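Number of protein chains: 2
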Amino acid sequence: MKQSQLFTHTLKELPKDETSYNAQVLLRAGFIDKVAAGVYSFLPLGWRVMEKIRQIIREEMQSIGGQEINLPTLAPKENWQKTGRWESLDILFKIAASDKKEYALNPTHEEVVTPLAGKFINSYRELPFAVFQIQTKFRNEKRAKAGLLRGREFTMKDLYSFHADQVDLDRYYEQVIQAYVRIFNRVGLGANTYLTFAAGGSFSKYSHEFQTLTAAGEDLIYICDKCHLAVNQEIIAEQSVCPQCGDKDWRKEKAVEVGNIFKLGTRYSDAFALSYSDKNGVKQPVVMGCYGLGLSRIMGTVVEVCHDERGIIWPQSIAPFRVHLLSLKANEEAEKIYQKLGQDGIEVLYDDRDVSAGEKFAEADLIGCPYRLVISQKTLIQNGVEIKRRVSQETEIIKFNHITAYVQ
Amino acid sequence: MKQSQLFTHTLKELPKDETSYNAQVLLRAGFIDKVAAGVYSFLPLGWRVMEKIRQIIREEMQSIGGQEINLPTLAPKENWQKTGRWESLDILFKIAASDKKEYALNPTHEEVVTPLAGKFINSYRELPFAVFQIQTKFRNEKRAKAGLLRGREFTMKDLYSFHADQVDLDRYYEQVIQAYVRIFNRVGLGANTYLTFAAGGSFSKYSHEFQTLTAAGEDLIYICDKCHLAVNQEIIAEQSVCPQCGDKDWRKEKAVEVGNIFKLGTRYSDAFALSYSDKNGVKQPVVMGCYGLGLSRIMGTVVEVCHDERGIIWPQSIAPFRVHLLSLKANEEAEKIYQKLGQDGIEVLYDDRDVSAGEKFAEADLIGCPYRLVISQKTLIQNGVEIKRRVSQETEIIKFNHITAYVQ
């Protein structure tokens, strides 16, 4: 894309009430806009990042048999009353409609997916299965000050699995853990993300969260470096040694919860009478699991983890563009490179604007594409472009016909 | 996909309050689920259709320079007060949050996109541009009885364009009309869809709608068959002859509005003080256009238009699967064909279940994939499969190695 055609540009002024780093830098770089506290618009650069995160998550959910669906935002009050959460869940947005009924804006979808599953499950032969969606969620937060880390409105992937028994849930739960590990690796958070033991429910001693280390995090976790796992503050009193190696060699760090997985057992099946007939024709409750992952939160977390004083450093897998091509008064030759890279399937943001070199360099660092290519009279003499990785200080000159191989 | 693994199946019982044909047949075939009146979940088959419609619309919006963004559902009361629509728009959902502020659930996004544009427009050099999104909208309808044709919650594409003057808006408006024509052709509604003159605003005499003929429609339009355009009932008194040929040879039909395009002029620019500096440094109001298209409504309309007494007849471009492969006790050979077609890039729903041939045939007709392939002992003797198009009554035997070429 040509930057002269992009309707956004970098901004110097920020909303006064924006205190979180991730939102500040994403606002400055033109990735998002702030509509209200905890409510953001995604602009072309930001939406490209979200779509890449979405595609990675979708592929990994499909790889463990997840069937994609889309559940609505509005759910009738009665659904939420059946589980007792209409009254107990303090972050539930409630709205009255002109049909004189009340609805919740779903912050999670157990109250919708459980009765849905009930329409299709009769026999043990129909189990197990898993469904997922990538969709907007709502939380009526009192305060929303963490940018994309905790919004009133945000994008989440939620996966729900349905099983004949606990053993089968346990089996699938392990598959989900592995899929989550792959996702965090692919979006560039693998090294900083820990499978973390958290308080369980009535059904299992512990649930699991995935926590990513960052000073912006609202949680405290205790890491066992030997096992690359952690325990959250909530349960450190009862789980005072590493559940894997038994050591007590904890490192305490601030972290943000980027995903959680939970054995629901029969809590929601019981509320909605979700059962199946087993091989002997006896009715049994369906055993459920739920698995959340915040897309906008992942985007915010990546920004918190991957940046320097000049701006964002996107992992290649979710960068809005692979290459940022800067023309310093060499638009004719830059245009050819832009066309060639496009033909080679490389995504390029091409800064064809008539602004100073200093401004172009500063914006390239702020926006944070993995490769910066500069073409100028100086590089033309050498029959090439200057190339620099966003993560590095080194520049080098690459001949025109080697560019694609270099950035691929 | 193997049908034995699909968590949905066709249903015999329908919600008692569902009176619209499109929702009835989509519920029966397992494409959607009803959560409340005008509120539906999209199940795996239905979500595949929605994703195909989304991709077609996205391509056509990009082809006219649309930049994809994503605006939130929640917008502060103040935004809607600035245009006077907080009070005047009766279908506006309003919600109170625990920050003691009120928000609208956006049914359209002028109140969000106009102040957003104001952050990036300074000079005439930044105009024109257009942004679009494909996103969930909300309307607080008193009654919602038309299935996917009129929901309380639904998916829409909305495009907004920003121009220096009326001439440039007029130019772009014509481009959008052509893009809409391509979209309706691609989703299979081209022949039944009419560019229809409707009441304008303060800025132009007429706006335009795209109306698709169907008995399920809530609108009445007057068609000029010579010009393949129409006038809606609202304006037939003042526009009593065809605006193109001047004839009065109208054919009156029921129709559903599947898209609308509107020259907003400066109505929203004025409300949000959206202006730019012209070449002489003089401030001028930005001229805007808005262009809507309902994705879930298109899906419902296709079902109303394309069906017979046995079920849906999907256009190839948006069918959930290209091929429905039925194995009649020949799963070993069917599996090979399923694998081969998958390698050839053909999307196949493979009915590998242990149910009667009659049930398989009835479900294939109900679900409505374009090609039905049957493999049985009878076809194996002939070294092939029986093939039938959903639109036709004819069957024929095709040799194994000719299948891909036939269905491509």
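The listed protein sequences derive, respectively, from chains E and R. With the working numbering applied, the first sequence closes on residue 1089, and no number is skipped along the way. With the working numbering applied, the second sequence closes on residue 1089, and no number is skipped along the way. Note that beta-carbon positions come from the ideal geometry of N, C-alpha and C, so glycine has one too. Owing to the predicted nature of the structure, the values given are computational and were not obtained by experimental measurement.
- Cβ-Cβ distance between isoleucine 902/E and threonine 877/E below 7 Å: yes
- Query: Distance, Cα to Cα, lysine 1080/E vs tyrosine 1052/E?
  - Reply: 15 Å
- Message: Please list, in chain order, the residues of the region 746-773 of chain R that have any C-beta partner in chain A closer than 9 Å.
- Response: Chain labels in this structure do not include chain A; the protein chains are E and R.
- Task: Indicate whether the contact test is met: 3 or more Cβ pairs, each with one atom in the region 739-759 of chain R and one in the region 782-790 of chain R, closer than 8 Å.
- Result: yes
- Query: If you check the beta carbons only, do tyrosine 861/R and glycine 940/R fall under 7 Å apart?
  - Reply: yes
- Tell me, please, which residues DSSP counts as bridged to isoleucine 1079/E. Val1066/E
- Task: State buried or exposed for glutamine 743/R, treating a residue as buried only when at least 16 other CB atoms are found within 10 Å of its CB.
- Result: exposed
- Query: Is any beta-carbon of chain R found at less than 7 Å from that of lysine 823/E?
  - Reply: yes
- Determine the DSSP secondary structure at isoleucine 772/R, reduced to helix, strand or coil. coil
- Query: Which residues of chain R have a Cβ atom closer than 8 Å to the Cβ of tyrosine 721/E, listed in chain order?
  - Reply: Pro753
- Answer with yes or no whether the minimum CB distance from proline 1001/R to chain E is below 7 Å. no
- Query: Looking at C-beta atoms only, is the number of pairs between the region 925-937 of chain E and the region 894-901 of chain E that lie closer than 8 Å three or more?
  - Reply: yes
- Going along the region 884-911 of chain E in order, which residues come within less than 9 Å of chain R, judged by CB to CB distance? none
- Item | 4-residue-minimum alpha helix (DSSP H) runs that sit fully inside the region 689-729 of chain E, ordered along the chain | 702-709
- Item | Listed by chain order, chain E residues near aspartate 849/R by CB distance under 8 Å | Simply none; closest approach about 15 Å.
- Query: Among residues of its own chain, excluding the 5 on either side of serine 950/R, which ones have a beta-carbon nearer than 8 Å to its beta-carbon?
  - Reply: Thr795, Ser956, Pro966, Val967, Val968, Met969
- Message: Please classify histidine 1083/E as buried or exposed, where buried requires at least 16 neighbouring CB atoms within 10 angstroms.
- Response: exposed
- Could you check what DSSP says for aspartate 900/R in three-state terms: helix, strand or coil? strand
- Among Gly869/R, Asn1012/R, Arg739/R, which has the Cα closest to the Cα of serine 998/R? Gly869/R
- Task: Enumerate in chain order the residues of its own chain whose CB-to-CB distance from arginine 1034/R is below 6 Å, with the five nearest sequence positions on each side excluded.
- Result: Gln684, Ser685
- Task: Classify phenylalanine 891/R as helix, strand or coil using the three-state DSSP reduction.
- Result: strand
- Item | C-alpha gap between glycine 881/R and glutamate 855/R, whole angstroms | 16 Å
- Could you pull out every unbroken alpha helix (DSSP H) segment of at least 4 residues lying fully inside the region 977-1034 of chain E, listed in chain order? 1012-1024
- Query: Do leucine 1006/E and valine 1029/E have their CB atoms nearer than 7 Å?
  - Reply: yes
- Query: Between threonine 689/R and chain E, is there a C-beta pair that is closer than 7 Å?
  - Reply: yes
- Task: Compare the C-beta of proline 725/R against all C-beta atoms of chain E and say whether one is closer than 7 Å.
- Result: yes
- Would you mind reading off the limits of the alpha helix (DSSP H) that contains phenylalanine 813/R? Per DSSP, phenylalanine 813/R belongs to no alpha helix (DSSP H); it is in the beta strand (DSSP E), 810-819.
- Considering aspartate 951/R, what are the terminal residues of the beta strand (DSSP E) in which it resides? Counting along the chain, aspartate 951/R falls outside any beta strand (DSSP E), though it belongs to the alpha helix (DSSP H) covering 948-952.
- Item | Residue of Thr1060/E, Met980/E, Phe1042/E minimising C-alpha distance to arginine 728/E | Contrary to the premise, residue 728/E reads as tryptophan rather than arginine in this sequence. Nearest C-alpha to tryptophan 728/E: Met980/E.
- Task: Mind the definition here: the region 725-740 of chain R touches the region 686-697 of chain R only if three or more C-beta pairs lie below 8 Å; say whether that holds.
- Result: yes
- Message: With a threshold of 7 Å between beta-carbons, can alanine 785/R be considered close to chain E, or not?
- Response: no
- Item | CB contact flag (arginine 867/E, isoleucine 737/E, <7 Å) | yes
- Message: Which complete alpha helix (DSSP H) runs does the region 805-881 of chain E hold, if anything under 4 residues is left out?
- Response: 847-867
- Query: Would a check of beta-carbon distances place isoleucine 776/R closer than 7 Å to chain E?
  - Reply: yes
- Would you call aspartate 906/E buried or exposed, if buried means 16 or more other Cβ atoms sit within 10 Å of its Cβ? exposed
- Item | CB contact below 7 Å: aspartate 714/R versus chain E | yes
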